[in-house]
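Enquirer: Got a structure for you, written out below as structure tokens; questions coming shortly.
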Amino acid sequence: MGIIETQEKIRKLLADRNAILLAHYYQRNEIQDIADILGDSLALSIEASETMADVIVFAGVQFMAESAAILSPDKTVILPRSDAGCPLADKITAEELRKARAENPGAKVVTYVNSSAETKAHSDICCTSANAVRIVNSLDADTVLMVPDGNLARYTSQFTEKKIIPWKGFCYVHDNLSPGEAQRAKDQNPGALFAAHPECRAEVLAMADFVGSTGAILKFARESDAEKIIVGTEKGIMHQLKKQNPDKTFIPASDNLICVDMKRITLDDILSSLLEMKHVVTVPEEIRIPANLALSRMLEASK
Ligand code: 13P
Ligand code: SF4
Numbered sequence: 010m011g012i013i014e015t016q017e018k019i020r021k022l023l024a025d026r027n028a029i030l031l032a033h034y035y036q037r038n039e040i041q042d043i044a045d046i047l048g049d050s051l052a053l054s055i056e057a058s059e060t061m062a063d064v065i066v067f068a069g070v071q072f073m074a075e076s077a078a079i080l081s082p083d084k085t086v087i088l089p090r091s092d093a094g095c096p097l098a099d100k101i102t103a104e105e106l107r108k109a110r111a112e113n114p115g116a117k118v119v120t121y122v123n124s125s126a127e128t129k130a131h132s133d134i135c136c137t138s139a140n141a142v143r144i145v146n147s148l149d150a151d152t153v154l155m156v157p158d159g160n161l162a163r164y165t166s167q168f169t170e171k172k173i174i175p176w177k178g179f180c181y182v183h184d185n186l187s188p189g190e191a192q193r194a195k196d197q198n199p200g201a202l203f204a205a206h207p208e209c210r211a212e213v214l215a216m217a218d219f220v221g222s223t224g225a226i227l228k229f230a231r232e233s234d235a236e237k238i239i240v241g242t243e244k245g246i247m248h249q250l251k252k253q254n255p256d257k258t259f260i261p262a263s264d265n266l267i268c269v270d271m272k273r274i275t276l277d278d279i280l281s282s283l284l285e286m287k288h289v290v291t292v293p294e295e296i297r298i299p300a301n302l303a304l305s306r307m308l309e310a311s312k
């Protein structure tokens, strides 16, 4: 079956099942093109919490589908590929977090949404890359333990008076972007601006003209007068950058900015997931309730 035929079948099945397709900007282009909502982690969480659909098909990774199941327990949440995980989310276990909490009494725990439901359940509040600074500054504590992404924690620490204790996790895609590669892209494109995601290393972020979530990078690109922008995040974002700004040029800061997990889901996987209603993502109530508290506090503080 060709791409267009598969896309049409998916759209029809979505309508038949009163289902909504949520997709992250790192998904394959042909999936982005048929999504009901395309967004960054924050926008997709908000949509998952507010949708009137009966079924949420999540074109993203495990933690995103889990967050949807936590926020909307009465909906059926489907992740088309059960092996689409996020290695960053696996960089801390609930047990490790419990121990870190005990070692830092008085600290509030801010957990990046790129984490397991169980880790969220042991947290005070969640954050995404779009709202981390705001979330940290909203807390009534002087010390904040930020897990699992150390790069996001170190970046956030520049915009708060609070003491930030970063966890040692990292995203292999963004952390892999070296200052040398970023410099090479800059040298090869004089005059271009450099926009980077806060999951990148501090040395790379120090070279950036703009730092923000995928949604924020898209906004920056739309509003900037720059004709050329070097992009320091996963390459999937290029599709929307080019679509939204046909007259501007976007250059990936490295050819290696590809998240294998985000690319696992194909159109065929989405089609079979809708036909067979698989893989349904659920979170046990004893984990869902405290995890929901941490996520809902984040959504409230982001309004
Ligand atoms: P945002 O969607 O918050 O930009 O995060 C990027 C990411 O790595 C999602 O896995
Ligand atoms: Fe996880 Fe990084 Fe992939 Fe995002 S880009 S899903 S943080 S591994």
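Counting in the numbering used here, the sequence shown runs from 10 upward without gaps.
C-beta atoms are modelled at their ideal positions from N, C-alpha and C, and glycine is treated no differently.
1. Can you tell me where the alpha helix (DSSP H) holding residue 159 begins and where it ends?
2. Inspect the beta-carbon positions of residue 121 and residue 157 and report whether they are closer than 8 Å.
3. How would you write the range of the alpha helix (DSSP H) that residue 188 sits in, first residue to last?
4. Residue 235: which of 267, 219, 126 sits nearest, CA to CA?
5. Since residue 116 and residue 154 should fall inside the 8 Å C-beta cutoff, what is the C-beta to C-beta distance between them, to a whole number of angstroms?
6. Just verifying my parser: in three-state terms, what is the DSSP assignment at residue 128?
7. Going by DSSP, what residue range makes up the beta strand (DSSP E) through residue 175?
8. Output yes or no for whether 8 Å exceeds the beta carbon distance between residue 201 and residue 214.
9. Could you give the uninterrupted runs of the beta strand (DSSP E) lying entirely in the segment 236 to 299, keeping only those of 3 residues or more?
10. Just to confirm before moving on: does the CB-CB distance between residue 208 and residue 183 stay below 8 Å?
11. With a threshold of 16 other CB atoms inside 10 Å of the CB of residue 189, please say whether the residue is buried or exposed.
12. Nearest by alpha-carbon distance to residue 57: which of 47, 303, 77 is it?
13. In the DSSP output, which residue or residues are listed as bridge partners for residue 202?
14. Output the distance between the C-alpha atoms of residue 224 and residue 233, rounded to the nearest integer angstrom.
15. Going by DSSP, which residues form a beta bridge with residue 120?
16. For residue 78, does the three-state DSSP call read helix, strand or coil?
17. With the cut-off set at 8 Å, would you say residue 283 and residue 28 are in Cβ contact?
Expert: Walking through what the data contain:
1. Numbered from 1 along the sequence shown, position 150 holds the residue referred to as residue 159. 159 to 166 is the span of the alpha helix (DSSP H), which, as asked, contains residue 159.
2. By 1-based counting over the sequence shown, the position of residue 121 is 112. By 1-based counting over the sequence shown, the position of residue 157 is 148. A contact, by the Cβ cut-off of 8 Å.
3. On the sequence shown, position 179 is the one that residue 188 refers to. Element bounds for residue 188: 188 to 197.
4. As a position in the sequence shown, residue 235 is number 226, starting the count at 1. The residue with the shortest Cα to Cα distance from residue 235 is 219.
5. For this step, residue 116 is matched to residue 107 along the sequence shown. For this step, residue 154 is matched to residue 145 along the sequence shown. Contact flag correct, Cβ pair sits at about 5 Å.
6. Numbered from its first residue, the sequence shown carries residue 128 at position 119. The answer is helix: DSSP assigns residue 128 an H, G or I state.
7. For the purposes of this step, residue 175 is identified with residue 166 of the sequence shown, where counting begins at 1. For residue 175, the enclosing beta strand (DSSP E) starts and ends at 172 to 175.
8. The sequence position of residue 201 within the sequence shown is 192, counting from 1. The sequence position of residue 214 within the sequence shown is 205, counting from 1. Cβ atoms of residue 201 and residue 214: not closer than 8 Å.
9. Counting only runs of at least 3 residues, the segment 236 to 299 fully encloses the following beta strand (DSSP E) elements, listed from N- to C-terminal order: 237 to 241, 258 to 261.
10. Here the question's residue 208 lines up with position 199 in the sequence shown. Here the question's residue 183 lines up with position 174 in the sequence shown. Contact check for residue 208 against residue 183 passes: the beta carbons are separated by less than 8 Å.
11. For the purposes of this step, residue 189 is taken as the residue at position 180 of the sequence shown. The residue in question, residue 189, is exposed, as its Cβ has fewer than 16 Cβ neighbours within 10 Å.
12. Numbered from its first residue, the sequence shown carries residue 57 at position 48. Of the candidates 47, 303, 77, the one whose C-alpha sits nearest the C-alpha of residue 57 is 77.
13. As a working mapping, residue 202 is identified with position 193 in the sequence shown. 238, per the DSSP bridge assignment.
14. By 1-based counting over the sequence shown, the position of residue 224 is 215. By 1-based counting over the sequence shown, the position of residue 233 is 224. A straight-line Cα-Cα distance of about 14 Å links residue 224 and residue 233.
15. Along the sequence shown, read from residue 1 onward, the residue named residue 120 stands at position 111. Per DSSP, 135, 156.
16. Your numbering for residue 78 matches position 69 in the sequence shown. DSSP places residue 78 in the helix class (H, G or I) of the three-state scheme.
17. Here residue 283 is taken as the residue at index 274 of the sequence shown, counted from 1. Here residue 28 is taken as the residue at index 19 of the sequence shown, counted from 1. Against a cut-off of 8 Å, the Cβ pair of residue 28 and residue 283 comes out as a contact.
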